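Engineer: Residues 395 to 594, numbered by this note's numbering, are exactly what the sequence shown covers, in order.
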Amino acid sequence: MNREKLMHYRKLLENERRELQSTIQSFKDQGIHENMNDVTGELSAYDQHPADYGSQMFEREKDIGLFQSLENQLNLVDQALAKIEQGNYGTCEQCKKPISEARLNVLPYAQLCVECKREEEARAGVDEGVRKLSFRRSFRDDSDFVGFDGEDAWQAVARFGTANNPQDLLGEIDYFGDGYPDADDEQGIVEDLEDILRDR
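Below, the structure written as structure tokens:
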């Protein structure tokens with residue numbers, strides 16, 4: 395990469411660095427590192443409605459996440475500026491091929507070329523798919539598992555109400571039996587033999 399292009403990217407990175415530092419400083423000025431009660435001015439959460447406190451906690455966690463993201467981005471910008479000094483700016487860290495100028499113009503602190511970034515995201519996507527559906531592994535009616543599984547947990551919670559309970563249904567209801575799924579299942583037994591032993 396010639397000197398003129400390097401100077402162009404250095405300028406882009408320095409502008410990005412200034413903007414990030416300014417935003418990070420505004421987070422610090424607003425008390426991102428301080429205790430939440432100190433920032434809100436509350437002496438105690440005791441007198442607050444849980445929903446209000448939950449909303450404040452959500453906003454606080456969101457701010458901390460944004461702050462950490464900005465710090466990570468600033469770190470990438472600093473690494474890119476260091477690469478300009480070292481003379482290896484614009485080179486993919488995985489395949490060692492040049493990163494396209496179109497990519498660097500949009501994301502001057504890019505560490506990977508488009509192809510390597512796609513591969514990295516594809517690998518991450520496989521793990522995320524498994525994690526997203528982990529709840530399905532706890533429903534084990536098809537196996538010989540006899541312990542307390544996900545379905546049993548659902549039934550235990552559903553006894554206290556679901557959206558298909560009689561009070562949630564429209565119109566006149568003639569039957570007021572148990573309103574949760576599999577209500578006719580015997581609670582606490584797996585096989586009929588256990589029911590015989592329980593009746594004694």
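All C-beta atoms, glycine included, are put in the ideal place defined by N, C-alpha and C.
Please read all numbers here as calculations on a predicted model, not as lab measurements.
1. Is the distance from the Cβ of Gln480 to the Cβ of Cys510 below 7 Å?
2. Check each candidate in Asp586, Thr485 and Arg454 and name the one with the smallest Cα separation from Phe421.
3. Report yes or no: do three or more beta-carbon pairs, one from the region 438 to 449 and one from the region 498 to 505, lie closer than 8 Å?
4. Are there 16 or more other CB atoms within 10 angstroms of the CB of Val471, so buried, or fewer, so exposed?
5. I think Val461 touches Ile493, with their Cβ atoms under 8 Å apart; what is that distance to the nearest whole Å?
6. Quick test of your reading: Ala474 and Tyr503, contact by CB under 8 Å. State the CB separation rounded to the nearest angstrom.
7. If you measure between the beta carbons of Met430 and Gly484, is that distance less than 7 Å?
8. Using alpha carbons as the reference points, say which of Lys456, Phe452 and Ile418 lies closest to Asn469.
9. Does Glu410 pass the burial test, meaning 16 or more other C-beta atoms within 10 Å, or should it be called exposed?
10. Look at the alpha carbon of Met451 and the alpha carbon of Glu436, and state the distance between them as a whole number of angstroms.
Structural biologist: Working from what's here:
1. For Gln480 and Cys510, no; Cβs fall outside 7 Å.
2. Arg454
3. Flag = no, the region 438 to 449 and the region 498 to 505 do not touch.
4. It is buried - the Cβ of Val471 has at least 16 other Cβ atoms within 10 Å.
5. In the sequence as displayed, the identity of residue 461 is Phe instead of Val. Actually they do not touch by this definition, with Cβ atoms about 28 Å apart.
6. 4 Å
7. no
8. Ile418
9. It counts as buried.
10. In a straight line, the C-alpha of Met451 is about 13 Å away from that of Glu436.
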